[in-house]
Amino acid sequence: MLHYYTSMSTKQQAQIICMKHFGHIVLMMLLEAAMVCLCNCATAQDGTTTVIPIKKTKLSLKPNTDFDQRFSFIDKESVNIWGYRVGVIVNDKYKVGIGGYFLNQDTTIVKTDALGRPTSKLQRKLYFGTIYYEPYLFQKELVEMSLVFELGYGRAVLDSANRRRNGNIPATIVTVEDKQDFVPAGVGISFNFKAPDIKGLHFLTYIGINAMTGLRKTIFESDLKNNFDGWYWSIGGAIFLDKILADAKARKQSKKAALDALL
Numbered sequence: 005m006l007h008y009y010t011s012m013s014t015k016q017q018a019q020i021i022c023m024k025h026f027g028h029i030v031l032m033m034l035l036e037a038a039m040v041c042l043c044n045c046a047t048a049q050d051g052t053t054t055v056i057p058i059k060k061t062k063l064s065l066k067p068n069t070d071f072d073q074r075f076s077f078i079d080k081e082s083v084n085i086w087g088y089r090v091g092v093i094v095n096d097k098y099k100v101g102i103g104g105y106f107l108n109q110d111t112t113i114v115k116t117d118a119l120g121r122p123t124s125k126l127q128r129k130l131y132f133g134t135i136y137y138e139p140y141l142f143q144k145e146l147v148e149m150s151l152v153f154e155l156g157y158g159r160a161v162l163d164s165a166n167r168r169r170n171g172n173i174p175a176t177i178v179t180v181e182d183k184q185d186f187v188p189a190g191v192g193i194s195f196n197f198k199a200p201d202i203k204g205l206h207f208l209t210y211i212g213i214n215a216m217t218g219l220r221k222t223i224f225e226s227d228l229k230n231n232f233d234g235w236y237w238s239i240g241g242a243i244f245l246d247k248i249l250a251d252a253k254a255r256k257q258s259k260k261a262a263l264d265a266l267l
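Each residue of the sequence shown is one higher than the one before, counting from 5 in my numbering.
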């Protein structure tokens, strides 16, 4: 064979090599054509064609609201922070919304003079709002669990009432007001407990209990002498507006269908 190639001219050798490559290309094309024919025959014999549907997600928004009373500690003192949240449930996957909170507390921080008489007292007020994002971890018929992520802005007002004494002169009270801005963030876990659907007491399914626990962290404050960080827990009532509206819509459609049947 080696003698055969060496005896041929360079042009003849190139022609033979080109013919071999061309044969390989033709063979590959024939194999691909055969595979296509086999697939077409199988589809024709079966009489069905597999079509992968493309699902278009329709945006679903449902109203959501609940009371949010939070028990917490500020400067090692227990406090009750009152609040309320409103938002929407998006595609039954997560909640987004806003919350408003306030605190009005007479602290136990009291200063006394040498005779033990109170000379000053501190009153703390907090007002802040938040936006929240709450993805569901799971949803069952009677219980839901979700994570809560929050970011807000608020103002703290500290009123310090100072009682001044000067000999036999009656004491005078001087109030000093200190205001500061702060930006709280938080992360927590929330549970919604629902009532079972009892015959004759269906309205109970519209209300439930919300329980939450989490951590509050101040990521900015204009005055560092106060610490608003700490754990919190909450328990309060929940109103399932989405279920109320869904039942109202179902009743309306049922009445419409009954009227159409009479016509």
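All C-beta atoms in this analysis are idealised placements derived from N, C-alpha and C, irrespective of residue type, glycine included.
The beta carbon of Val191 sits closer than 8 Å to those of Leu151, Val152, Phe153, Glu154, Gly218 and Leu219, all from its chain and outside the five residues before and after it, given in chain order. Taking C-beta atoms as the reference points, Gln184 and Glu225 count as a pair closer than 9 Å. Of all C-beta pairs linking the segment 68–78 to the segment 87–106, three or more are shorter than 8 Å, placing the two stretches in contact. Of the residues assessed, Val83 falls on the buried side of the cut-off, its CB having 16 or more other CB atoms within 10 angstroms. Selection Phe197, Ser238 and Leu249 evaluated against Phe75 yields Ser238 as nearest (Cα-Cα). The beta carbon of Lys247 lies closer than 8 Å to those of Thr209 and Tyr210 in the same chain, with the five residues before and after it left out.
The residues Leu63, Ser64, Leu65 and Val100, in chain order, have a CB closer than 8 Å to that of Val94 in the same chain once the five nearest residues on each side in sequence are set aside.
For the pair Gly158 and His206, the Cα-to-Cα distance works out to about 40 Å.
Excluding its 5 nearest sequence neighbours in each direction, Ile223 has C-beta neighbours in its own chain below 7 Å: Val187 and Ala189, listed in chain order. Where Ala242 is concerned, there is no enclosing alpha helix (DSSP H), although the beta strand (DSSP E) around it starts and stops at Gly234 to Ile243. Residue pairing by DSSP places Leu162 opposite Arg128 and Asp182 in a beta bridge. At least 9 Å separates the beta-carbon of Asp96 from that of Arg128.
The beta carbon of Phe244 lies closer than 6 Å to those of Tyr210 in the same chain, with the five residues before and after it left out.
According to DSSP, residue pairing for Leu155 in a beta bridge involves Ile135 and Ala189. When DSSP reads this structure, Thr217 sits in a beta bridge with Ile193 and Trp237. Bridge pairing for Ser82: Phe77 [DSSP]. In the structure shown, Thr209 falls within a helical segment according to DSSP collapsed to helix, strand and coil.
The Cβ atoms of Trp235 and Phe77 lie closer than 9 Å to each other.
Scanning Glu81, Ile135 and Thr134 for the CA closest to the CA of Asp110 turns up Glu81.
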